[in-house]
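Novice: I have a structure I would like to understand better, so I am pasting it below and will then ask my questions one at a time.
Protein chains: 2
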Amino acid sequence: MRLSTRAQYAVRAMVDLSLYSQGRPVSLKEISRREEIPLNYLEQLFFRLKKGQIVTSVRGPGGGYVLAREESAIKVGEIVVTVEEQLNPVACLDEGDRSCQREARCLTHTVWQGLGERIKGFLDSITLEDLTRGARARHADEGNNGNGACRTAG
Amino acid sequence: MRLSTRAQYAVRAMVDLSLYSQGRPVSLKEISRREEIPLNYLEQLFFRLKKGQIVTSVRGPGGGYVLAREESAIKVGEIVVTVEEQLNPVACLDEGDRSCQREARCLTHTVWQGLGERIKGFLDSITLEDLTRGARARHADEGNNGNGACRTAG
DNA sequence: TACATACTTGACAATTATAGTAAGGTATGC
DNA sequence: GCATACCTTACTATAATTGTCAAGTATGTA
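Chain order of the listed sequences is P and H.
Going by my numbering, the first residue of the first sequence is number 110, and it counts up by one from there.
Going by my numbering, the first residue of the second sequence is number 110, and it counts up by one from there.
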């Protein structure tokens, strides 16, 4: 029942972007350095995030990525789904899957279905704003180095 | 964010056992046939389930497995954790993991922690009894072949 | 215009986890 | 004493995931 590191990285990177952007483009190089995520790997993630219309890009020198919407309108669930493709706990819940033909009679089906809904619901109840709010406050307070996001894991 | 098939099989097998047992031992051969799960694979699962004190075994001819407790006292979450080992969505929540040292400052940590709690909470809110109740009613009604559990997936 | 920056995209390799197989052993009832 | 059925370990194939490499394209600035 593990979330891919892709998804974990994506959320961390988005939090980082959100904290350091202030409307200006942030380069992946920066995020890569701060979050200790391989640059090439980040590129793949942001390719997806852009397709998912969660970020927009600015090319050329001084370019980078910007949030496509305001923090409060970006849900963690969205980020995860965009890079993860599937959030369903079991394959037979995926759209287009026809292997589970006994759906109506399957006793366990409803459990996994319910579980999937809970997971999605929970992650959709949290926005980027929720995640950065605390860090911003601290940041303003302490004037520290601003490492709001966890670099190593989690 | 996928549950292993091990966990799915285990829950299905437990539902099957629960439905067909009535206090008597049910052999894995039977369950294997009904649920179309490889016998050797089932043996591995029940090895774990026994260690987890969810079932007890009866050796010798006519033997098999029996629920260790009554249906209403066996939670789906227990079954999953027993065969799955980890239910945490991210590694840094595992006990003994020390890689996430910024726990206190990590913005995303609490999200995964909350997610893990929801998952566990949901699966622990469902018992074997909940799953078999409906099937028993139908079974009594229809006198059908009793395929309460989904064979192919889910 | 030239160049540096930084996004864009596809292909690929290494690692790891999972699913499933195989095989042999042990206990027990008939 | 034999058949049944649990017990246990080891192994292999396959797939997914993670991460790397490389070669582009667009664009702002000097």
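A virtual CB, placed ideally from N, CA and C, is assigned to each residue, including glycine.
May I ask you to list the residues that DSSP assigns as paired with Gly173(H)?
Specialist: Looking at the DSSP output, Gly173(H) bridges to Val167(H).
Novice: Beta carbon of Val120(P), beta carbon of Thr217(H): below 9 angstroms?
Specialist: yes
Novice: Name the residue from Tyr118(P), Gly132(P), Leu126(P), Arg115(P) whose alpha carbon lies nearest to the alpha carbon of Thr241(P).
Specialist: Leu126(P)
Novice: Pick from Val135(P), Met123(P), Thr236(P): whose alpha carbon is nearest that of Ala182(P)?
Specialist: Thr236(P)
Novice: Comparing C-alpha positions only, which one of Ala177(H), Arg143(H), Gln222(H), Thr165(H) sits nearest to Pro198(H)?
Specialist: Gln222(H)
Novice: Taking a cut of 9 angstroms between CB atoms, which residues from the segment 170-202 of chain H lie near chain P?
Specialist: Closer than 9 angstroms at the C-beta level to chain P, one finds these residues of the segment 170-202 of chain H: Val185, Val189, Glu193, Gln195, Leu196, Asn197, Pro198, Val199, Ala200, Cys201, Leu202.
Novice: If I measure Cβ to Cβ from Ala246(P) and keep anything under 7 angstroms in the same chain, skipping five residues before and after, which residues do I get?
Specialist: none
Novice: Three-state secondary structure (DSSP) at Thr114(H)?
Specialist: helix
Novice: Grouping DSSP H, G and I as helix and E and B as strand, with all else coil, what is Val135(H)?
Specialist: strand
Novice: What residue does the alpha helix (DSSP H) around Val102(P) start on, and which one ends it?
Specialist: What the structure shows of chain P is the stretch from 110 to 263, and residue 102(P) is not part of that stretch, so it cannot be assessed.
Novice: Do you know how far the Cα of Leu232(P) is from the Cα of Glu238(P)?
Specialist: 13 angstroms
Novice: Beta-carbon within less than 8 angstroms of Glu152(P)'s beta-carbon, same chain only, minus the 5 sequence neighbours each way: which residues are those?
Specialist: Leu137
Novice: So if DSSP puts Thr217(H) in a beta bridge, which residue, or which two residues, is it bridged to?
Specialist: Thr217(H) is not bridged to any residue.
Novice: What residue from Arg111(P), Ser130(P), Thr114(P) has the CA that sits closest to Glu180(P)'s CA?
Specialist: Ser130(P)
Novice: Compute the Euclidean distance between the alpha carbons of Cys215(P) and Glu187(P), then round it to the nearest angstrom.
Specialist: 29 angstroms
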